[in-house]
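Some notes on the structure that comes next.
Numbering (the working numbering), first residue to last: 14 to 632.
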């Protein structure tokens, strides 16, 4: 199936060429680009340049150049579609597999088109007489026309359905406007009405530059029942926890500065970026999510938090700090004067004043300690206990082991507590959190099973692996001791193979080279054992250890899957302790399945290489 232009552009915009090229050569920053030896012709000097803002490369020696797709084509000899899939995988984007039939259009295309139309319409309204109040507001904030144009700012008039009517004339259906949150449907069943009215509009773009949502801010006096900010709801194209406002414009500046400034709101972002402080992003009306933290970590390993210094701002600061630490990012906190935010500071005191506060930024743990010191918590035994409890979440969040060690040492020194005690507290807290998380996961899993009521599909029975194990055991008795540890007779699905295996394990005369032990078998099994002993395929199972291990893994995997299906049936009818016991067993069985699948994946290449040609279909 052809890859749509929209998906192709999304891959292009979200991919990180520096990261891809770094798999093949060593790159170092040189101004706004990265330089290193050319991996295409094997050069030694720093003649290979990568421009991360445009995702293009150029070698000034061999002359090769191109973009994020042409690099793997030239480097790895891939075709175009293969290169797109290669890049998409690294960007975390799923490319649909090829399917027969007619090419399909992007099902979300109408949603993108509606947002694009709305963005342009809002921008036009800002320039109309109705947008005079919004223009005056922006001028008072020091936002010039260039910034308005650059960030696509707009105005939603007070009218009840002006956007809906304009969209209708453009052929955009009302259900599309409802799907992206540009319109709302009244409970009375009447026609939908505009969601954004009387608000300054901030278009929200994805990394490909497509408008996926909007933020709207009330200007002037805000009534109690009206929210100051209104944001687009979640939609098929907009997931606020996966995006950061401004990243599509600022990622190049963030990479150049090697530092990302995180502010709380749209206006903070626009105010700073309009004054030349461009390495900025803002969450989208939500606390920092793991996805957003990982996204920032792609562009910088250092983040400075520039939230308000009030109680709510501090809580948001430390929540965001912990999430960023989990992503392996160094987290600094800049403390602004009381009552100031980034927008008011640069408007009142200028960018130089902001830069001073940024230079004074401290590590997030150190900022916590400063606040605890201000509250005099280190002056009493009870206070020290509370202070340590407040600091432990930041220690646990640190993904960098060295940084975690530094944090533990700092807390021990400041609290006057032995380092070993802090380490023990961290371990215990992590254990408690793991138990809580596992309990939540079990509950959510049980609830999901009840809601879905999905029929359980038993794994298909495959007795070939059982047969191979018996062939190997009959040929090589040294494997029998291993088999006794690896398998029980109950793991065999074929009752005949199960009984033969049980006899092999327990009959005292199985070592007799003449095979007299066979006579002790039930008469109906003797012909099958004779057949197995004389099977010429046994000689082709070489090396026997590889075939034995692979067959054991398949038998165990099928056995685990069967038990998992049984548990899934039982857990929906169980209650109380029985349900918890089943959920615990389910976790253990899933873990065993993951282990077997991982081992199988690692070993499959080796096994395929060892298979005889007639078994693999080659030759």
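Here a beta-carbon is modelled for each residue, glycine too, at the ideal position from N, C-alpha and C.
List the residues that DSSP assigns as beta-bridge partners of residue i.
| i | result |
| --- | --- |
| residue 255 | None; residue 255 has no bridge partner. |
| residue 315 | 343 |
| residue 230 | 213 and 242 |
| residue 218 | 224 |
| residue 168 | 213 |
| residue 64 | 69 |
| residue 79 | 70 |
| residue 47 | 42 and 63 |
| residue 375 | 346 |
| residue 207 | 196 |
| residue 248 | 251 |
Within 10 angstroms of the Cβ of residue i, are there 16 or more other Cβ atoms? Answer buried if so, exposed if not.
| i | result |
| --- | --- |
| residue 245 | buried |
| residue 556 | exposed |
| residue 364 | exposed |
| residue 569 | buried |
| residue 438 | buried |
| residue 604 | exposed |
| residue 407 | buried |
| residue 18 | exposed |
| residue 173 | exposed |
| residue 33 | buried |
| residue 381 | buried |
| residue 558 | exposed |
| residue 622 | Residue placement at residue 622 cannot be trusted, given a pLDDT of 44 that sits under 50; the coordinates are not used to answer. |
| residue 597 | exposed |
| residue 543 | exposed |
With distances taken Cα to Cα, identify the nearest neighbour of residue i among the options.
| i | options | result |
| --- | --- | --- |
| residue 307 | 429, 339 and 258 | 339 |
| residue 360 | 600, 151 and 343 | 151 |
| residue 275 | 345, 203, 199 and 101 | 345 |
| residue 47 | 323, 72, 53 and 24 | 72 |
| residue 84 | 76, 74, 96 and 75 | 96 |
| residue 497 | 561, 553 and 435 | 561 |
| residue 681 | 503, 488, 243 and 501 | Since the displayed the chain opens at 14 and closes at 632, residue 681 lies outside it and no answer follows. |
| residue 93 | 477, 332, 16 and 190 | 16 |
| residue 129 | 216, 103 and 426 | 216 |
| residue 379 | 362, 420 and 372 | 420 |
| residue 371 | 384, 348 and 388 | 348 |
| residue 357 | 155, 36 and 138 | 155 |
| residue 232 | 242, 223 and 225 | 242 |
| residue 377 | 323, 332 and 279 | 332 |
| residue 313 | 410, 213, 262 and 271 | 271 |
| residue 321 | 540, 350, 302 and 573 | 350 |
Quick check on DSSP: helix, strand or coil for residue i?
| i | result |
| --- | --- |
| residue 276 | coil |
| residue 93 | helix |
| residue 603 | helix |
| residue 114 | Residue placement at residue 114 cannot be trusted, given a pLDDT of 44 that sits under 50; what the coordinates show is reported in the next sentence. Looking at residue 114 - three-state DSSP - the assignment turns out to be coil, as it is neither helix nor strand. |
| residue 505 | coil |
| residue 28 | coil |
| residue 514 | helix |
| residue 150 | helix |
| residue 101 | helix |
| residue 300 | coil |
| residue 295 | strand |
| residue 173 | coil |
| residue 183 | coil |
| residue 548 | coil |
| residue 500 | coil |
| residue 106 | coil |
| residue 473 | Unreliable placement is indicated for residue 473, whose pLDDT of 42 sits below 50; no coordinate value is reported for it. |
Hey, would you say residue i sits closer than 8 Å to residue j, going by beta carbons?
| i | j | result |
| --- | --- | --- |
| residue 100 | residue 63 | no |
| residue 122 | residue 68 | no |
| residue 310 | residue 292 | no |
| residue 190 | residue 205 | yes |
| residue 290 | residue 257 | no |
| residue 432 | residue 442 | no |
| residue 316 | residue 297 | no |
| residue 89 | residue 249 | no |
| residue 403 | residue 385 | yes |
| residue 635 | residue 300 | Past the edges of the chain, shown from 14 to 632, lies residue 635, and the structure says nothing about it. |
| residue 576 | residue 538 | no |
| residue 136 | residue 165 | yes |
| residue 259 | residue 282 | yes |
| residue 25 | residue 81 | yes |
| residue 75 | residue 53 | yes |
| residue 565 | residue 499 | yes |
Determine, using beta carbons only, whether residue i comes closer than 8 Å to chain D.
| i | result |
| --- | --- |
| residue 447 | In the structure shown, chain D does not exist; there is a single protein chain. |
May I ask whether a heavy atom of the ligand GTP can be found less than 7 Å away from the beta carbon of residue i?
| i | result |
| --- | --- |
| residue 571 | The model depicted lacks the ligand GTP and carries no ligand whatsoever. |
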